[in-house]
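Note sheet for the following structure.
Residue numbers (our numbering): 463 to 920.
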């Protein structure tokens, strides 16, 4: 077979091939790039001063990439080295003279973006830009139309940066047709629909992050939290445990009649894991219908008029065209935050408040993960109440620091004859303590946001 893209650079061929493999090519290639970065970190950069400094500033990986590093790279020693460094940093913060709760919470927060998230965004941007560059090639355009094309999050980015109205129209029309077909109950496949609407699992971080100060007023917390029973194998942080059980129970009960207007990437894929109803695709189908309707409505917008300026487009129409395309693309952003993220924030607020009240009454509690420790500092009603959780958190981090040091020491051949104790699970305990239980949504910088008004408010 003749080369469909002669004289093109390597990345163009990668995008062309990824289109033919099904799903969003930007998601697919971005995820591969992140895996390579994590693998390279494990083999080459764990002791690199620059990499370690970045991880310290970020307070480790985000929740998703921390667990990806543990589950896919399987580097216990590298994990222990990374998280002992981060634990030392946090203990240094806790030991500083300034123990004001707000100051502590700010210093314990990530000071920069997760390195893996930053790499993912950089890679996705490169692959998306390459895809847009190749749209001038007739063979590439034909191939794009014949394949699945971009997921909705990357489509929104692509439409905002399209190089012409013709490209904008092709991208929008292709997704509108696909969304209409996927929303058909007769042939809906939940996994395919999830990837089209939210991106591949872990490839979009994410439409929004939950607020650390959740509003419980919108939820019947007694009913939701009473319905959710903590399950075996959940993380030791009592807030993570309660969040996991409550959000999972809510997702498992969703149906087409109770479908939320929007779910983020994390909770879209969690929905498919916990909701075993035959019609789970019906929960997502309304989102596909709305996206298709909005895209079809764009054909009547004044973007078309600007784009049809022809020869004048390059001289006068291009700035106006770009502004109009960006505004049109932003109408595809979610109208509201992810409903599961909002529930998570409400559960966190409720549970941490109860833990603080219990601590004031002399009740013991398990150590909190760092994110929920920060929330406790922010919600504490007094300096004395904050001091109680600081004391328990400091003790837990010191124990973790010791176990990580022992784990690292016993990887040395000179000490491998020594018996292994509780330090055997220290690398994974560190991820639970620092990044939180698996699947926890964090307040971290994200790739996309939900729709905002002219004042920047949702």
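We treat Cβ as the ideally placed atom computed from N, Cα and C, and that holds for glycine.
Being a predicted model, the structure only gives us computed values, none of them experimental.
#1: Buried or exposed for residue 565, going by 16 or more other Cβ atoms inside 10 Å?
#2: By a C-beta neighbour count over all protein chains shown, 10 Å radius and 16 as the cutoff for buried, is residue 889 buried or exposed?
#3: Give me the Cα-Cα distance between residue 727 and residue 546, rounded to the nearest whole angstrom.
#4: For residue 893, count neighbouring Cβ atoms within 10 angstroms of its own Cβ and tell me buried if that reaches 16, exposed if not.
#5: Kindly indicate the opening and closing residues of the alpha helix (DSSP H) around residue 494.
#6: How about residue 830 and residue 638: do their beta carbons lie closer than 7 angstroms?
#7: I'd like to know whether the C-beta atoms of residue 714 and residue 736 end up nearer to each other than 7 angstroms.
#8: Spatial neighbours of residue 554 within its chain, please: CB distance less than 7 angstroms, with the 5 preceding and 5 following residues excluded, ordered by chain position.
#9: Alpha carbon to alpha carbon, how far is residue 812 from residue 848?
#10: Since residue 658 and residue 641 are thought to touch, with beta carbons under 8 angstroms apart, how far apart are those beta carbons, to the nearest angstrom?
#11: Nearest to residue 532 by CA position, among 551, 511, 509, 503, is which residue?
#12: Quick check: what's the CA-CA separation for residue 611 versus residue 514?
#13: Just curious, the alpha helix (DSSP H) that residue 587 is in, first and last residue?
#14: When the Cβ atoms of the region 707-722 are set against those of the region 787-805, are three or more pairs found closer than 8 angstroms?
#15: My guess is that residue 496 and residue 581 are in contact by the Cβ rule of under 8 angstroms, so how many angstroms apart are they, rounded?
#16: Expressed to the nearest angstrom, what Euclidean distance is found between the alpha-carbon atoms of residue 674 and residue 839?
#17: Can you grab the Cα-Cα spacing for the pair residue 781 / residue 552, in whole Å?
#18: With C-beta atoms as the reference, is residue 613 less than 7 angstroms away from residue 702?
#19: Could I get the ranges of all uninterrupted beta strand (DSSP E) runs contained in the region 809-835, with 3 residues as the minimum, in chain order?
#20: Please report the distance separating the alpha-carbon of residue 711 from that of residue 718.
#21: Evaluate residue 877 with the Cβ neighbour count: other Cβ atoms within 10 Å of its Cβ, from every protein chain shown; 16 or more gives buried, anything less gives exposed.
#22: Which residues in the same chain have their Cβ closer than 7 angstroms to the Cβ of residue 900, if we skip the five residues on either side of it in sequence?
#23: Once you ignore the five residues that flank residue 520 on each side, which residues in its own chain have a CB closer than 8 angstroms to its CB?
#24: Go ahead and label residue 729 buried or exposed: buried means 16 or more other beta carbons lie within 10 angstroms of its beta carbon, across all protein chains shown.
#25: Sort 797, 835, 851, 709 by Cα distance to residue 823 and report the nearest one.
#26: Shortest alpha-carbon distance to residue 561 belongs to which of 867, 884, 846, 859?
#27: List the endpoints of the continuous alpha helix (DSSP H) containing residue 730.
#28: Which of the three DSSP states, helix, strand or coil, is assigned to residue 558?
#29: Please look up how many angstroms separate the CB atoms of residue 620 and residue 633, rounded, as I've assumed it's under 8 angstroms.
#30: Going by DSSP in three states, residue 715 sits in which element: helix, strand or coil?
#31: With 16 as the cutoff for other CB atoms within 10 Å, does residue 881 come out buried or exposed?
#32: For residue 597 and residue 872, I'd like the C-alpha separation in whole angstroms.
#33: Near residue 858, which residues of its chain fall below 6 angstroms by C-beta distance, leaving aside the five closest residues on each side in sequence?
#34: In the structure shown, what three-state DSSP assignment does residue 678 receive?
#35: Give the straight-line distance between the Cα atoms of residue 740 and residue 662, rounded to the nearest whole angstrom.
This is what the structure holds:
#1: The sequence position of residue 565 within the chain shown is 103, counting from 1. Flag for residue 565 reads exposed.
#2: Here the question's residue 889 lines up with position 427 in the chain shown. By the neighbour-count rule (16 or more Cβ atoms within 10 Å), residue 889 is buried.
#3: Against the chain shown, residue 727 aligns to sequence position 265. Against the chain shown, residue 546 aligns to sequence position 84. Taking the straight line from one Cα to the other gives about 30 angstroms.
#4: The sequence position of residue 893 within the chain shown is 431, counting from 1. By the neighbour-count rule (16 or more Cβ atoms within 10 Å), residue 893 is buried.
#5: As a first step, residue 494 must be located in the chain shown, where it is residue number 32. Per DSSP, residue 494 belongs to the alpha helix (DSSP H) from 487-502.
#6: Along the chain shown, one-based indexing puts residue 830 at 368. Along the chain shown, one-based indexing puts residue 638 at 176. It is not a contact, given that the beta carbons lie outside the stated cut-off.
#7: Position 252 of the chain shown, counting from 1, holds the residue named residue 714. Position 274 of the chain shown, counting from 1, holds the residue named residue 736. For residue 714 and residue 736, yes; Cβs fall inside 7 angstroms.
#8: On the chain shown, residue 554 is found 92 positions in, with the first residue counted as 1. Cβ within range, chain order: n/a, list empty.
#9: Residue 812 sits at position 350 when you count from the first residue of the chain shown. Residue 848 sits at position 386 when you count from the first residue of the chain shown. Cα-Cα distance, rounded: 16 angstroms.
#10: Locating residue 658 in the chain shown gives position 196, where the first residue counts as 1. Locating residue 641 in the chain shown gives position 179, where the first residue counts as 1. 7 angstroms between Cβ atoms; contact.
#11: Here residue 532 refers to the residue found at position 70 of the chain shown. Of the candidates 551, 511, 509, 503, the one whose C-alpha sits nearest the C-alpha of residue 532 is 503.
#12: Taking the chain shown and counting its residues from 1, the one referred to as residue 611 is at position 149. Taking the chain shown and counting its residues from 1, the one referred to as residue 514 is at position 52. One C-alpha to the other measures close to 37 angstroms.
#13: Here residue 587 corresponds to residue number 125 of the chain shown, with the count starting at 1. That run of the alpha helix (DSSP H) goes 577-595.
#14: yes
#15: On the chain shown, position 34 is the one that residue 496 refers to. On the chain shown, position 119 is the one that residue 581 refers to. Right, their Cβ atoms sit about 6 angstroms apart.
#16: For the purposes of this step, residue 674 is taken as residue 212 along the chain shown, with counting starting at 1. For the purposes of this step, residue 839 is taken as residue 377 along the chain shown, with counting starting at 1. Its pLDDT being 42, under 50, residue 674 is placed unreliably in this model, and the value from its coordinates should be taken loosely. Cα to Cα, residue 674 sits roughly 11 angstroms from residue 839.
#17: Here residue 781 refers to the residue found at position 319 of the chain shown. Here residue 552 refers to the residue found at position 90 of the chain shown. Approximately 48 angstroms, taken between the alpha carbons.
#18: What you label residue 613 is simply residue 151 of the chain shown in a count that begins at 1. What you label residue 702 is simply residue 240 of the chain shown in a count that begins at 1. No, Cβ-Cβ distance for residue 613 and residue 702 is not below 7 angstroms.
#19: none
#20: Here residue 711 corresponds to residue number 249 of the chain shown, with the count starting at 1. Here residue 718 corresponds to residue number 256 of the chain shown, with the count starting at 1. Taking the straight line joining both Cα atoms gives about 16 angstroms.
#21: Numbered from its first residue, the chain shown carries residue 877 at position 415. Under this definition residue 877 is an exposed residue.
#22: Here residue 900 refers to the residue found at position 438 of the chain shown. Excluding sequence neighbours, residue 900 sits near 529.
#23: One-based indexing of the chain shown puts residue 520 at position 58. If we look at residue 520 and ignore the five residues flanking it on each side, its Cβ neighbours are 572, 573, 574, 575, 576, 577.
#24: The residue you call residue 729 lines up with position 267 of the chain shown. So residue 729 counts as buried.
#25: Stepping through the chain shown from its first residue, residue 823 is reached at position 361. Nearest C-alpha to residue 823: 851.
#26: Taking the first residue of the chain shown as position 1, residue 561 is located at position 99. The shortest C-alpha separation from residue 561 is found at 846.
#27: The sequence position of residue 730 within the chain shown is 268, counting from 1. Residues 727-736.
#28: Taking the first residue of the chain shown as 1, we reach residue 558 at position 96. Residue state, collapsed to three classes: coil.
#29: As a first step, residue 620 must be located in the chain shown, where it is residue number 158. As a first step, residue 633 must be located in the chain shown, where it is residue number 171. With 8 angstroms as the limit, residue 620 and residue 633 qualify as a contact, their Cβ atoms being about 6 angstroms apart.
#30: Here residue 715 is taken as the residue at index 253 of the chain shown, counted from 1. Residue state, collapsed to three classes: coil.
#31: Taking the chain shown and counting its residues from 1, one reaches residue 881 at position 419. Exposed is the call here.
#32: By one-based count along the chain shown, residue 597 stands at place 135. By one-based count along the chain shown, residue 872 stands at place 410. Each residue's Cα considered, the two are about 55 angstroms apart.
#33: As a first step, residue 858 is located in the chain shown; it is residue number 396 there, counting from the start. If we look at residue 858 and ignore the five residues flanking it on each side, its Cβ neighbours are 829.
#34: Residue 678 sits at position 216 when you count from the first residue of the chain shown. For residue 678, the predicted structure reports a pLDDT of 45, less than 50, and the residue's modelled location is therefore unreliable. The matter cannot be settled from this model.
#35: Taking the first residue of the chain shown as 1, we reach residue 740 at position 278. Taking the first residue of the chain shown as 1, we reach residue 662 at position 200. Looking at the two C-alpha atoms, the distance is approximately 21 angstroms.
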